[in-house]
Structures are given as structure tokens and as C-alpha cells.
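In my numbering, the protein residues as written are 942 to 1127.
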């Protein structure tokens, strides 16, 4: 991760330390939130190229398709705003429920699923049309984090009680989260 200012987008109560360069933004005025702002109101209250890193942990799946005052999809608007506030070469770290996680739709405020290729529309990848947006990123990393819960048993139970970890992980676990890191290209 680059040195410099960092934004924790949609921080909720997961406050990152300001002493380490973090700003925490959320719609709710929770303790530790530096910037109270609805991320669907554009522009965000930051100058162009303000941040070296943006963390969007369990945020992108909440973006509605329709945003009042715009005829464009909310995902495109948010990605373009992220691109605007990132420094050239700055990184965007997205953590979201994996699209194959059966629990991904449990939260009634989830409006979309994030696929490991969702951001390829912003990279110039030849399989994905580039005309949705002029914002450009390079893919740095894509990772699937697996999770385990069967009935009342969690990963801890399988590891500590049944001694089934890690060889049984691929057989018993499911995709839990998708983690994608992108680099801003300007």
C-alpha cells in the first residue's frame, strides 16, 4: 500500500486510525467518522487525487442501480468518483461477499453482487467493453477468501474440535468474500 492519506469508505463502526493517515467516511455520524457524507451524493467532499489508498469493505454491494438525479448506474458513478479522488497509481481495495456465497443475498440492503471480473470493465481488458466509463484501473490482485459454517459449526469447531483443518477446507468451505485490489491509472 502506498504511503499517504487513506480513505475508509462506508466505515460504519470499523474505524481506521487517523494516526496512520486514515479518514473514515460514512453516512451515519458514528464515533470516529471524520466525514459524514452519503456516498451517492456527488461529488464527494474531497479534492481530486486526495488519497493514495481507498478501502471499500462491504460497501460496493450496497450501491443501488438507480441514483436520484442520474440516468447512469450507481456502480459506474461510484467507481468514477473513486477514480477521481485516488492519486495516480493509488490503490482501491474492494472487499465484498463472493458472488457464489449463498449468504450474499441475506442482507436486505444488498442490491448487487460483485464478481471477480466486475472491475475489468475499467481496465481495458479485451473481453469487456470499455465504453461504460473513462475511469481506468489496472488489476493488481483478485482473491477468493473461503469461509466455513455448516449448521451450528464454524471454522473454529472444525479446526479445534474435529482437527479437520486445513486439508478438509476445500471440501467443506464455500467462497466467502472476494477481495480485489486495483491501481488507478491517470
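Built from N, CA and C at the ideal position, the CB exists for glycine as well.
Between residue 1116 and the set 1054, 1008 and 1034, the nearest pair of CA atoms involves 1054. For the 8 angstroms CB-CB criterion, residue 992 and residue 1028 form a contact. Contact check between the segment 1045–1054 and the segment 1005–1021: three or more CB pairs, one atom from each, fall below 8 angstroms, which counts as touching. No Cβ-Cβ contact shorter than 8 angstroms links residue 953 with residue 981.
Counting C-beta atoms within 10 angstroms of its own C-beta, residue 1049 has fewer than 16 neighbours from the protein chains shown and is therefore classed as exposed.
Per DSSP, the beta-bridge partners of residue 949 are 965 and 996.
Residue nearest to residue 1075 within the set 1033, 1043, 1042 and 1063 is 1063 (criterion: CA-CA distance). DSSP places residue 1088 within a strand segment (E or B) once states are collapsed to three. Here residue 1073 has 1017 and 1062 as same chain residues with Cβ atoms under 7 angstroms from its own Cβ, once five neighbours each way along the sequence are excluded. Counting other Cβ atoms within 10 Å of its Cβ, residue 1035 reaches 16 or more and is therefore classed as buried. Distance from the Cα of residue 959 is smallest, within the candidate group 970, 968, 976 and 1068, for 976. In the displayed model, residue 1039 falls within a strand according to three-state DSSP.
The beta carbon of residue 1000 sits closer than 6 angstroms to those of 950 and 951, all from its chain and outside the five residues before and after it, given in chain order.
With a threshold of 16 other beta carbon atoms within 10 Å, residue 1103 falls short and is exposed.
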